[in-house]
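As they're listed, the protein sequences go chains A and B.
Residue numbering for the first sequence follows our numbering, starting at 1 and increasing by one per position.
Residue numbering for the second sequence follows our numbering, starting at 1001 and increasing by one per position.
Notes follow the structure.
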Amino acid sequence: MPDRQLAEELKARLSAELRSGAPLRAPLASQARYATAAAPAVPRRSVRGRLLVVVVASLAVLVVAALAGPPQPRAWLVQSVGNIAGDLGSPLGTPSPSRANPAPTTPSPGEAAEKSPSPEAGETPEAGETPGAQQSPETQESPGPTPTPETQQSPEPTQSPDGGGTSGGDGDHPSPSPSPSSSDGGSGG
Amino acid sequence: MTYKPGDRDDFDRLYRACYPRLLRILFAVTGDSASAEDCVQEAFVRAFAAWPRFRPEKPAEAWIHQIAINTAISYRRRARLRGIGEVMRRLGRPGAGADPAETATRSDLIEALAALPPRVAADFVLRYHHGYNNREIARFDGVSERTVGARLAQAREELARRLGPAWRGEVPTSTTHSVVIPREPTGLGDA
Chain A
1 MPDRQLAEEL KARLSAELRS GAPLRAPLAS QARYATAAAP AVPRRSVRGR LLVVVVASLA
61 VLVVAALAGP PQPRAWLVQS VGNIAGDLGS PLGTPSPSRA NPAPTTPSPG EAAEKSPSPE
121 AGETPEAGET PGAQQSPETQ ESPGPTPTPE TQQSPEPTQS PDGGGTSGGD GDHPSPSPSP
181 SSSDGGSGG
Chain B
1001 MTYKPGDRDD FDRLYRACYP RLLRILFAVT GDSASAEDCV QEAFVRAFAA WPRFRPEKPA
1061 EAWIHQIAIN TAISYRRRAR LRGIGEVMRR LGRPGAGADP AETATRSDLI EALAALPPRV
1121 AADFVLRYHH GYNNREIARF DGVSERTVGA RLAQAREELA RRLGPAWRGE VPTSTTHSVV
1181 IPREPTGLGD A
């Protein structure tokens, strides 16, 4: 399509209507709206600052809610472990066979008695020895000077060395006397 | 004319240089002087916010022209949505019609220009009121000269349909000698 020209009277009419319809009201820069507006970078910084404050405040609320909220799951866990430890009669730090059991059920007193031996006893159940004998091997090596718990509980040999004869039928099997004086007397007779 | 990005004095200079032209262009686009002034001021506020990021490789006049046209397009879109909302509110009631004061002051030429697409009306004002040629308008708009020619032809056709065939324009006299062939009398209309 060719580039046509408008008639001069039409151009004059167009210019007159544009000038009369839109007079210049604010031709000066001091009258412009941007002159009274704030600097361009300030609103962006304020918006960023507000966003940062909102994010930090929400994080703080989340942390406070996580720390100071109702501790129901932890209370349940502590209570369960405490119950198990109390039933076993051992402190919380000692390893117990109940750790391998994931169910937090409280064992019966009979089961607790079965589980009470130490892990060493559990490793050698066919030994059939008492835990006290295992825990104090020194008493087996030197029975003479160190009294065993049985000798401490039976006061006959220590209180009356001559009482072995008074006991009657025990004279066929002289029991080893824990005191050195009685052993010396036996060997000398 | 060179402008330094971010410089307040240069932006004031740009405002003084471009404000009259932009006001007339946006008046043709919006059809209302108050809306045109509001759009121009809003465009300069937006441009001032982006002034530190302005690239001097592009003419500042073209840059602010694009911002102003986009502002006017947004204004017209909002005005159209407001009009639809007004129609929905008045649904079933007798319409109040157009504002008599507004229709009395608005000429048919300004109405016809405001009915054109915004970029078409802006190019028409640039070409026939401000006197820019197609190459300069194409540089303003960031389009090809052919696009500018098509827009001007569209504006002339629409104005001719509304206001009369004289607005269709005439072939320039510089090319008339090589194009126009004398018509032979047909005996019908020439008699």
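Ideal Cβ positions, reconstructed from N, Cα and C, are used throughout, including at glycine.
If you're wondering where the values come from, they're calculated on a predicted model, not measured in any experiment.
Distance cut-off 6 angstroms: residue i Cβ against heavy atoms of the ligand HEM
| i | result |
| --- | --- |
| E1086 of chain B | Of ligands this structure carries none, so the ligand HEM is not represented either. |
Endpoints, alpha helix (DSSP H) assigned at residue i
| i | result |
| --- | --- |
| S15 of chain A | 8 to 21 |
| L1126 of chain B | 1118 to 1128 |
| M1088 of chain B | 1060 to 1089 |
| L24 of chain A | Looking at the DSSP string, L24 of chain A is not in any alpha helix (DSSP H), and its letter there is neither H nor E. |
| Y34 of chain A | 33 to 36 |
Pair within 7 angstroms by beta-carbon distance, residue i and residue j
| i | j | result |
| --- | --- | --- |
| R1151 of chain B | V1171 of chain B | no |
| V1045 of chain B | L1026 of chain B | no |
| Y1015 of chain B | A29 of chain A | yes |
| D3 of chain A | G1149 of chain B | yes |
| W1063 of chain B | F1011 of chain B | no |
| V1143 of chain B | A1028 of chain B | no |
| A1155 of chain B | L1116 of chain B | yes |
| A1043 of chain B | I1067 of chain B | yes |
| S1033 of chain B | G49 of chain A | no |
| H1129 of chain B | L18 of chain A | yes |
| Q5 of chain A | G1169 of chain B | yes |
Distance between residue j and residue i (C-alpha atoms, nearest Å)
| i | j | result |
| --- | --- | --- |
| V63 of chain A | L52 of chain A | 17 angstroms |
| A26 of chain A | R1021 of chain B | 13 angstroms |
| E1037 of chain B | R1089 of chain B | 29 angstroms |
| A1060 of chain B | L1109 of chain B | 30 angstroms |
| P147 of chain A | V78 of chain A | In this prediction, P147 of chain A scores a pLDDT of 48, lower than 50, which makes its location untrustworthy; the coordinate-derived value is nonetheless stated afterwards. Rounded to the nearest angstrom, the two C-alpha atoms are 43 angstroms apart. |
| A1072 of chain B | P1118 of chain B | 8 angstroms |
| L1201 of chain B | S46 of chain A | Outside the displayed range of chain B (1001 to 1191) lies residue 1201 of chain B, so it cannot be described from this structure. |
| L1023 of chain B | A1122 of chain B | 11 angstroms |
| P23 of chain A | Y34 of chain A | 20 angstroms |
| A32 of chain A | S1074 of chain B | 20 angstroms |
| I84 of chain A | V54 of chain A | 46 angstroms |
| G1006 of chain B | R1055 of chain B | 10 angstroms |
| R1162 of chain B | L14 of chain A | 15 angstroms |
| W76 of chain A | G86 of chain A | 15 angstroms |
| I1137 of chain B | L1091 of chain B | 43 angstroms |
| A1079 of chain B | A65 of chain A | 48 angstroms |
| A1166 of chain B | A7 of chain A | 8 angstroms |
Reduced DSSP secondary structure (H/G/I, E/B, other) of residue i
| i | result |
| --- | --- |
| E1170 of chain B | strand |
| E1158 of chain B | helix |
Practice task
Closer than 7 angstroms, Cβ to Cβ, to anything on chain A: give me those residues from the segment 1026 to 1044 of chain B, in chain order.
Solution key: F1027, A1028, S1033, A1036, E1037, Q1041, F1044
Practice task
Taking only beta carbons into account, state which residues of the segment 9 to 24 of chain A come closer than 8 angstroms to chain B, listed in chain order.
Solution key: If the cut-off is 8 angstroms between Cβ atoms, the segment 9 to 24 of chain A has L10, K11, R13, L14, S15, E17, L18, R19, G21, A22, P23, L24 near chain B.
Exercise for the section: Residues of the segment 1107 to 1127 of chain B with a CB closer than 8 angstroms to any CB of chain A: list them in chain order, please. Expected result: S1107, L1109, I1110, V1125
Handout entry: Contact list for the segment 1146 to 1167 of chain B against chain A, Cβ threshold 8 angstroms
Key = G1149, A1150, L1152, A1153, R1156, A1166, W1167
Handout entry: Short-range partners of chain A found in the segment 1048 to 1067 of chain B, where Cβ spacing is below 8 angstroms
Key = Answer in chain order: F1048, A1049, A1050, W1051, P1052.
Practice task
Report the residues of the segment 1008 to 1022 of chain B with a CB closer than 7 angstroms to any CB of chain A, ordered along the chain.
Solution key: Shown in chain order are the members of the segment 1008 to 1022 of chain B whose Cβ falls below 7 angstroms from a Cβ of chain A: D1012, Y1015, R1016, Y1019, P1020.
Handout entry: Residues of the segment 46 to 58 of chain A with Cβ closer than 8 angstroms to any Cβ of chain B, in chain order
Key = none
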